[in-house]
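Report on the following structure.
Here you go:
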């Protein structure tokens, strides 16, 4: 274990991104390996949020819709997120939530494939992805079909309107080959919607390079936008003119301030808008996205892979009781590692007590994420050594570590 | 005009709510008559938001889902809003946006009235209300039908699944008789959904007293929740068990953290939830709602009526060129007055330049709102005297007052 800590110290000293951690508010003694659930706070966010609250809202009031550019925040944030995911600036917009954007884009895809009702996904996909298909199924508009990930290509046929997959699996970290699956879907005339919740800001994503049709993603994970931050949605340029979605609220109208009785969709990706933007939340998201954009996806991806490889090897050597269920090839997984153990819940709680923060996903997964902007090799080494000690000492058996809160 | 200012000063001195203005950040020389568009900033909000950002997010990170009660914010806020609108605490939840909640509840109503597809509303209703019906119409699930407000009762028949009305009209301030219209809809077996965006926090609302089925409302107007604040939704107790809505995201699941493949709706009003709550935005909303609850709806309603009566009489006497299109009976209008004038846009801009803030609604309406928690009689007197002066001097003809921003 001393060797491991020394190796980590050596890697941290040589890490060109080491300095980025100081842009986030994280205690020096905190090993935060849960940025894939909730990204850390950028140090610049409190001042930006305070400015929006105190000055733009408090002092300038409604004038801020024009003067502070509130009305354009969804487009502005979309254009900042676009280059992180291989999209053009006018193909992305920040609005609403991941689940709601899924509903819009599943609906849009079904409208583009009349005569087809199937939406194909995998069992075990993130629940909202599956549940939003069910929502449309209950409306009589969709038919949900599930195929195990190895069987998806075989399951694609001319009944499928849309293939809906999460690029990086939230629980296992497995990453789909976006190029291959998108092509397979297109080969049978289906469209593809990628959920980038566990991808954006951490792994290479090239939506245009993959010829993807639609995508959604989350603002509060690797983009560090704060709890429940606004989400984003992508529509490939070629689909923008024909896009129809049922959440046709006033902000998606071509002339919202004309207050007309009949809906006329806005040009382009703006027609995904529905409601007045959540300005305060959007301002926090902007700070998080700006930081990721400043560091750059190339260095972030490189460090993400190095961190997870370091951890995977160390876990295999020092904590073999935990079975890694994430792919061994870093090119086939996201910026996380997931481990199975009968007592993952208790282990996770014991780690938290030692200020090593991962999370638990039912029924038996300990999940650790590597937000490359602020995770250190030393954090990964601590995960391994603390886990070893928690197992050896039997500390995980303390009764308080078995207690569960509303959010597990 | 001196008499008017003196009368205003006398009324302000006698106003038991005068002290409440100090709870908001509004310049003393600002006559803010646009709280019906964007409520003013409660002075306690910046500190609360800063605490959530810095401490709950920054320092406590994911632990805050349980420890800071983030996961329960939608229910907590719902229970605080409920008494302001005559609902039981378990009938209201704060989530998403007004438009999105409209979609959920229109859908839910249609599912409860199989065989009926019509959603009846009035032309000129707030656009999102009309557009969300159109969204369901495009899905083939609804049929939008519009009747002028005087003809609504006659238009109600057994084809109508849902009557969707905005209680206080955003543009004219006209207020529907909730008891009478609800009963008329029920008499033909239709359900009723009330949009309380311009009602909650300003006029008397008794949803249970009116036997209303559903309601939605806005967090950023009289509830002072900040720009784009989360909205709220109400479902009458008797409908909760059968409520189905298509935006079936993971937070509306009966056991979200079981991460099951199949959707099972949560008990009660929680099934209106879809996504991870917007925590920062929700924390600002809480401060605004707490203030309104503390002052109390009784005194707020009384002052609202007194302010608008004072203004209506003064405008009629001193600025007769502007035609009041709001009802003369304060019991039949919301907490606003709307005036028609050919040059309302320019008048509004000229008023803003003199720090009297109302707003313009196309094509020719000057709208002033009376947020009773912080509007003074002196503000109303200034509206009247400044308007008189702007008209008399011809100042409204300055070219810059005709320029329009993205948000008018």
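Residue numbers (UniProt numbering), protein chains in the order written: chain A, 1 to 408; chain B, 1 to 408. C-beta atoms are modelled at their ideal positions from N, C-alpha and C, and glycine is treated no differently.
With 16 other CB atoms within 10 Å as the buried threshold, where does residue i fall?
| i | result |
| --- | --- |
| residue 172/B | buried |
| residue 326/B | buried |
| residue 323/B | exposed |
| residue 267/B | exposed |
| residue 221/B | buried |
| residue 389/B | exposed |
| residue 2/B | exposed |
| residue 117/B | buried |
| residue 381/A | buried |
| residue 238/B | exposed |
| residue 404/B | exposed |
Listing by chain order, which chain A residues have their CB less than 9 Å from the CB of residue i?
| i | result |
| --- | --- |
| residue 407/B | 62, 65, 66, 70, 71, 256 and 257 |
DSSP beta-bridge partners for residue i?
| i | result |
| --- | --- |
| residue 324/A | 339/A |
| residue 425/A | The requested residue 425/A does not occur in the structure, where chain A is confined to residues 1 to 408. |
| residue 94/A | 232/A |
| residue 31/A | 356/A |
| residue 42/B | 24/B |
| residue 285/B | Answer by DSSP bridge pairing: none, since residue 285/B is not bridged. |
| residue 121/B | 146/B |
| residue 166/B | 195/B |
| residue 214/A | 193/A and 235/A |
| residue 175/B | 168/B |
| residue 160/A | 118/A |
Between residue i and residue j, what straight-line distance do the alpha-carbon atoms span, to the nearest angstrom?
| i | j | result |
| --- | --- | --- |
| residue 24/B | residue 156/A | 58 Å |
| residue 316/B | residue 104/B | 43 Å |
| residue 160/A | residue 107/A | 14 Å |
| residue 68/A | residue 212/A | 34 Å |
| residue 137/A | residue 269/A | 25 Å |
| residue 249/B | residue 126/B | 27 Å |
| residue 92/A | residue 75/A | 7 Å |
| residue 185/B | residue 396/B | 46 Å |
| residue 131/B | residue 387/B | 35 Å |
| residue 134/B | residue 143/B | 8 Å |
| residue 43/A | residue 286/B | 24 Å |
| residue 89/A | residue 96/A | 18 Å |
| residue 272/B | residue 37/B | 25 Å |
| residue 406/A | residue 259/B | 14 Å |
| residue 338/A | residue 198/A | 13 Å |
| residue 4/A | residue 218/A | 34 Å |
| residue 7/B | residue 311/B | 12 Å |
| residue 236/A | residue 298/A | 23 Å |
Going along the chain, which residues of its own chain have a beta-carbon closer than 6 Å to the beta-carbon of residue i, five neighbours each way excluded?
| i | result |
| --- | --- |
| residue 300/B | 372 |
| residue 215/B | 194, 196, 207 and 234 |
| residue 147/B | 155 |
| residue 354/B | 386 |
Given residue i, which residues of its chain have a CB within under 7 Å of its CB, disregarding the five upstream and five downstream residues?
| i | result |
| --- | --- |
| residue 34/A | 357, 358, 359 and 369 |
| residue 52/A | 279, 280 and 283 |
| residue 401/B | 346, 349 and 350 |
| residue 175/A | 167, 168, 203, 332, 333 and 334 |
| residue 122/A | 146, 147, 148, 149, 152 and 165 |
| residue 87/A | 207, 208 and 234 |
| residue 291/A | 23, 42, 224 and 373 |
Using a C-beta to C-beta distance shorter than 9 Å, which residues of chain B count as neighbours of residue i?
| i | result |
| --- | --- |
| residue 359/A | 62 |
| residue 41/A | 53, 54, 57, 58, 59 and 61 |
| residue 98/A | 249, 275 and 276 |
| residue 308/A | The contacting residues do not exist; residue 308/A stays about 20 Å from chain B at best. |
| residue 50/A | 46, 49, 50 and 53 |
| residue 124/A | 259 and 261 |
Name the chain A residues whose beta carbon is nearer than 8 Å to that of residue i?
| i | result |
| --- | --- |
| residue 32/B | 61 |
Residues in its own chain within less than 8 Å of residue i by CB, not counting five upstream and five downstream?
| i | result |
| --- | --- |
| residue 264/B | 253, 254 and 255 |
| residue 60/B | 67 and 68 |
| residue 11/B | 306, 310 and 377 |
| residue 341/B | 321, 322, 323, 347, 364 and 366 |
For residue i, return the contacting residues in chain B, with the cut-off set at a CB-CB distance below 7 Å.
| i | result |
| --- | --- |
| residue 103/A | 247 |
So with CB distances below 8 Å, who are the chain B contacts of residue i?
| i | result |
| --- | --- |
| residue 345/A | Near residue 345/A there are no residues of chain B at all, since even the closest Cβ is about 11 Å away, more than 8 Å. |
| residue 199/A | Residues of chain B passing the Cβ test: none, with the nearest at roughly 17 Å. |
| residue 130/A | 261, 262 and 263 |
| residue 83/A | Going along chain B, no residue has its Cβ under 8 Å from residue 83/A, so there is no contact; the nearest lies around 24 Å. |
Chain A partners of residue i, CB-CB under 7 Å?
| i | result |
| --- | --- |
| residue 138/B | 244 and 246 |
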